[in-house]
Amino acid sequence: MTSSSLAKPIPRVSLNWLLIAQALVIVPFALHVPVALIVLWLVCSFWRIQIFRMRVRMPGTWIKSGLLVGTAGGIYLARGSLIGLDAGAALLIAAFILKMLEMQNRRDALVLIFLGFFCIAVGYLFEDSLLWGLFTLLPITTLLAALIGLQQSGISSKPAATLRLSAKLLLQAVPLMLLLFLFFPRLEPLWSLPQPSNKALTGLSDSMAPGDIAELSKSAELVFRASFDGPLPPRTQLYWRALTLEQFDGRRWSQSSRAQVPDAPLWRREGERVGYSVVLEPTGKPWLMTLDVGQTDLAGVRQMSDFRWQRRRPIEQSMLYNAESWPDAVRETVLSDGARLQALQLPAKGNPQVREWAADLHRRHLGTDALVDALLSYFTSQPFRYTLKPPSLGANSIDDFLFGSRAGFCAHYAGAMAFALRSAGVPARVVAGYQGGELNPDGNYLTVRQFDAHAWVEYWQPNVGWRSVDPTAAVAPARVEQGLEQALAADEEFLGDSPMSALRYRHLAWVNSIRMGWDNLNYGWQRWVLGYQGQQQLKVLGRWFSGFQAPVFAGGAAVILGLLALWLFKPWRRESDSQLRLFNHFERLLARQGLKRQPGEGAQAFAQRAAEQLPAHAGAIRDFVGEFEAQRYAGADGSAGALRQRLKSLRRSLPWRLSAVRGKRP
Amino acid sequence: MIERFEPVWQRWVGRRIPPASRVELDHRRIFILPTRVGGTYALILFLLLLVSINYQNSLAYGLTFLMLSVGVLAILHTYRNISGLVLSGGHARSVFVGEPVQLRLRLESTGHGHQAIALGWDSEQLEQTDVEAERLVEVGLTLPALKRGWMRAPRLRVESVFPLGIFRAWSWLDLEQTVLIYPQPVAGTMPLLQGVQPHAEDDGHATTGPGVDDYQGLRLWQPGDSMKRMHWKAWSRGQGLMVKEFSDLSGHDLCLDFMALGGDIEERLSRLCYWVLELSQRQQPFALKLPGFLSAVDSGDAHREDCLRQLALYGVRA
Amino acid sequence: MGRKLDACLNAINEVVLGKEPQVRLALTCLLGGGHLLIEDLPGMGKTTLSHTLARVLGLSFQRIQFTSDLLPGDILGTSVFDRDTGQFTFHPGPIFAELVLADEINRATPKSQSALLEAMEEGQVTIEGATRLLPDPFFVIATQNPFSQGGTFALPESQLDRFLMRLSLGYPARSAEKALLLGESRRDLLPRIEPLLDHSELATLQQQARQVRASDALVDYVLRLVDATRSQPQFAYGLSPRASLAILSAARAWALLAGRDYVIPEDVQAILPAVIGHRLRERTDPTGHGGGALVQWLMREVPVL
């Protein structure tokens, strides 16, 4: 495109599609940018349409700069900064909106279209679900339609045809895109960039008051999905460790400062190995979910002193990792003094009843295991209740719980048990994570949601190391064996706060099968599309095209382009006009002899003239034209070969030397 | 540098795309290269790739690859849009020097449609048109007529950036269009043949064309006026170049004579041209005398065309 | 059959001297089943040509001289009260002949003109409520004086469209005119001409003409021609589909006359001036002629192959 054509006005088709594309790009951003921007967009679109209808004029320089400064200021006020991905995205969108207003010629429209593509890519950083991915095909198609419309010559073009062409183009591009997606090497990030901040993520946090996990159980939000290499382990073994809480202040359990030390503990593999892969949704927290004792070779991830796995950066986008675990591993038979002190830490005072009771139990039961059994049997023997809505507790919360209300959620039980163990001098800590999950039979994978959040206890003995125990299992075995819904008493409504959740209607078979199917689709999307990075790519490529990646890629691209070219040009369609091509050849032969077909001269008339001028070759000329006419007009089924044969004999009979006359004008 | 390569390029194109009155654009005649917009497109792709890599975002990768594929496909589509188009030059009407020549070009689709085909003599000024499938479209292009005689239209640039504008497919065709350019008519006194006059003494109906019989007065000198009629006295008095004007009272056929004029050849031809047109408009029979050519005394369109042709080709025919 | 056609041509050319192309076109027109319009000055041999055609093809012949006071009844016929039977009997007009020469058609009023033209189109006439079939075959050769002559009612375009061809005979060549002057009166020759075809043979020939092959490539050429008239600026209006049909049927008949069973572009070019010359108008001059120049333009500019 030359500079002059870039300065031309924008064709109507292009403008129409550009306005629609802008709406499609911006509306989904409503969740991620200040609302004022949406208002700004509405105003600007209306203004632009009015300009197009010649009702108002283009904004002047002052208005434009005012708008620019105003918008930037607004974003600064709303986001507190102009740096960072959030503010950057807002600025990008603002530029996208304001550019529309000052768009006059094709160059401006091009800038707008390219900005639009960029906005879509930035949108992917905030949202990458399957539905979103599918939805963005709409703005992509319309933006491409606007780009095509920009090249069209104007008045007669129909908008629908332009969109169809754009969709066709995209459809044709899909095979090549898939090939590139499969083979293009995924590089490590070249430099670190501001990450999108996911606001208001629910989930486990690094401290836990007794009611926190009960609060979490009201949410059916997805936490992660896991599929196992081998058979699914029994449900009672599915304790997904997130982090440990070792510091107790009398009310809250929280992460100790020691837990931040990246000091991999000693442990020994024993028993069966369990291999699995997890697609973790964004949590805003750095820890990964693993079964005990987990191991993963994911880059940028370390095992911390409490066996949890932690990434350097918080998980802001869904990520896929492979892990393996040894549930029967022996963990940390020797405990350092610091760790030991931390595992025995108790507030100076409070809960005197428990302390006494525990000390008493310890005296009566020799050995730690017996003590634990005694504690568990206390939970089973006494009328403890498993409930989402425990009564509120007093200042000595554990006393009140163990000897008073006797009603609580897993956090109450775990906290109380860890407190009791510590009081008895046994190093112990609370483990927070998830337990169980829902098996999706379609995809044979486990879906773990927020209401699967759980807390249990670990205690340590010399030479044995850490052992896990779950007091909740003693109180409400159904929680561990079947899940939260089954464990709750009939009068407590599962997911009472979200009446629309499909999970509430699991008992309806068709709702459930649709839900499962959809979930399966999403999981596949996450695993095979979003998770197709680094190692996953190497694994897939290694398995399918081991050693032949480059030739397979090159060959694939060539085949795809070749097929597309065939489909586009349809060379077989032109075969029928081989007659005409041969006739053109014939004309060129005679043109060398200074004989040119006049405009409007038919084949026979030309042959007649040629035969008169070249009497020596009249026979060959008539022969060729006769055959040409027979094939073309008389419907004789002669082949192109027959025609070519005659042409050849004519060429042989013509004197080659006369070709020197070629340049001369008649 | 570019100027130095121009003739090489011209010669190469001349060999590759020989002149022909009817040309179908095919792979031998079509060139394709990215445009500046294509460069911007590549830059955007690069930026998108950086975003994808740095955020390790599969969807962004997907978008990057989709747009890359679309870009690659655009080569095929741009080429397809222009290939198969058949161009031929139409008949062009002769004009006078200084007027624009209207050259008609026919664009014909032999299969699929062609959109946004731009035509012109240079890449800055192009006419755009669409050719629907199996249709014929005629486009008029203008060229300034600068010189008398046969004018050969320069090579025609046909190009299209459709559909995406990131690639340009173009060709550079010589459709063998030639136009006869007549001299520019310049008004002045009628250059009549001196001396020998046909004897038809008519019944007193007198032509008041310029002539030699009656002195009419003085007027300013114009290029092409005969030296014989210069009013030298006025010039010597410093009044500028003046010419004595006479009118002709004869009623006989007129003969326009090249030798009756002064000035250089082009000026004389221009004056003759003016009078050929003028007399034809009056439907007055006349003859035209050029060195080596004498037409019959005649009137009518055919005679006028013949005379104009002689004027146009005087001295230029090889 | 082919030989018979040649014989017909020769027979006509013996009477109508020096007009071979026009005679051939006229015969083509009749073979193609169309009506013929001859436009020329009086005395150029229009009547002789039509009369000879009728004789050679063995057709009954009637001539209607169109004048400004001609009434439709004079063409179609009227019912006359018969005193003997006490009933109206129909006296058929001159139109009930197989070949009708409508002489100087543009001198009659539009009303009379349309009576003839409707009969041409329908192949039947309706008089006083009764529909009467015209004979089969039924040809009309109409002649008209050039527009410039006074006292004429020009045929509207819609009526012109009903004639398959329009011919103009023109002045004879010098040699032909000399032969004409030296030889016998043409009128005297006429009764001596023997019919060379009978009705069934004529019908067979017409049938054969319809079956002449027009290939895809050829139809494409016709379409290109028609398209050009519809898209090019110099044409006041494009050709109708009836005109494209006319081109094809005339080209078929021409090919048959040339002894071929398929049409080639040259056939189309041969009949094109006669078939579409009267259907085209130049944009700058929508009333006058100029059709001829347009046809020449078409034949020169529209790609043949």
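So the protein lines, in turn, are chains A, B and C.
Going by the numbering used here, the first sequence opens with residue 1, and the numbers climb by one from there.
Going by the numbering used here, the second sequence opens with residue 667, and the numbers climb by one from there.
Going by the numbering used here, the third sequence opens with residue 985, and the numbers climb by one from there.
All C-beta atoms in this analysis are idealised placements derived from N, C-alpha and C, irrespective of residue type, glycine included.
So is residue i in contact with chain B if we call contact Cβ pairs under 9 Å?
i                       : result
residue 321 of chain A  : no
residue 1211 of chain C : yes
residue 1236 of chain C : no
residue 565 of chain A  : yes
Compute the distance between the beta-carbons of residue i and residue j, then report whether it is under 9 Å.
i                       : j                       : result
residue 1105 of chain C : residue 1146 of chain C : yes
residue 769 of chain B  : residue 845 of chain B  : yes
residue 430 of chain A  : residue 456 of chain A  : yes
residue 1036 of chain C : residue 1088 of chain C : no
residue 1196 of chain C : residue 1226 of chain C : no
residue 1174 of chain C : residue 1064 of chain C : no
residue 41 of chain A   : residue 97 of chain A   : yes
residue 670 of chain A  : residue 300 of chain A  : Residue 670 of chain A lies beyond the range of chain A shown here (1 to 666); nothing can be said about it.
residue 748 of chain B  : residue 687 of chain B  : no
residue 173 of chain A  : residue 735 of chain B  : yes
residue 239 of chain A  : residue 433 of chain A  : yes
residue 1258 of chain C : residue 1151 of chain C : yes
residue 408 of chain A  : residue 347 of chain A  : no
residue 265 of chain A  : residue 316 of chain A  : no
residue 750 of chain B  : residue 772 of chain B  : no
residue 371 of chain A  : residue 422 of chain A  : no
residue 253 of chain A  : residue 415 of chain A  : yes
Would a check of beta-carbon distances place residue i closer than 9 Å to chain A?
i                       : result
residue 1217 of chain C : no
residue 746 of chain B  : yes
residue 1190 of chain C : no
List, in chain order, every chain C residue whose beta-carbon is nearer than 7 Å to that of residue i.
i                      : result
residue 633 of chain A : 1199, 1201, 1202, 1246, 1247 and 1248
According to DSSP, what are the bridge partners of residue i?
i                       : result
residue 9 of chain A    : A:105
residue 666 of chain B  : Residue 666 of chain B lies beyond the stretch modelled for chain B, which goes from 667 to 984, so this question has no answer here.
residue 325 of chain A  : A:274 and A:294
residue 467 of chain A  : A:459
residue 1145 of chain C : Beta-bridge pairing links residue 1145 of chain C to no other residue.
residue 791 of chain B  : B:788
residue 428 of chain A  : A:459
Can you pull the chain B neighbours of residue i, defined as C-beta to C-beta under 9 Å?
i                       : result
residue 1185 of chain C : What residue 1185 of chain C touches in chain B: nothing, since even the nearest Cβ is about 41 Å away.
residue 189 of chain A  : 719, 720, 721 and 722
residue 529 of chain A  : 724, 725 and 728
Could you check whether the Cβ of residue i sits closer than 9 Å to any Cβ belonging to chain C?
i                      : result
residue 627 of chain A : no
residue 778 of chain B : no
residue 691 of chain B : no
residue 825 of chain B : no
residue 650 of chain A : no
Can you pull the chain B neighbours of residue i, defined as C-beta to C-beta under 8 Å?
i                       : result
residue 1266 of chain C : Ordered by position in chain B, no residue passes the 8 Å Cβ test against residue 1266 of chain C, which lies about 15 Å from the chain.
residue 148 of chain A  : 828, 829 and 830
residue 532 of chain A  : 724
residue 568 of chain A  : 742, 743 and 746
Name the chain C residues that come within less than 9 Å of residue i, Cβ to Cβ?
i                      : result
residue 583 of chain A : 1289
Closer than 8 Å by beta-carbon distance: list the chain D residues that pair up with residue i, in chain order.
i                       : result
residue 1283 of chain C : In the displayed structure, chain D is absent; the protein chains listed are A, B and C.
Taking C-beta pairs closer than 8 Å, name the residues in chain C that residue i reaches, listed in chain order.
i                      : result
residue 756 of chain B : 1285
residue 24 of chain A  : Correct list: empty, because the minimum Cβ distance to chain C is about 39 Å.
Residues within the region 729–741 of chain B neighbouring chain A, beta-carbon criterion of under 7 Å
729, 731, 732, 733, 734, 735, 736, 738 and 739
Could you run through the region 826–857 of chain B and flag, in chain order, every residue whose CB is less than 9 Å away from some CB of chain A?
826, 827, 828, 829, 830, 831, 832 and 834
Give, in chain order, every residue of the region 592–623 of chain A whose Cβ lies closer than 7 Å to some Cβ of chain C.
599, 600, 601, 602, 603, 604 and 605
Of all the residues that make up the region 115–127 of chain A, which are near chain B by a beta-carbon distance shorter than 8 Å?
Listed by position, the residues of the region 115–127 of chain A near chain B (Cβ gap below 8 Å) are 117, 118, 120, 121, 122, 124 and 125.
Can you pull out the residues from the region 789–808 of chain B whose beta carbon lies closer than 7 Å to at least one beta carbon of chain A?
789, 790, 794, 795 and 796
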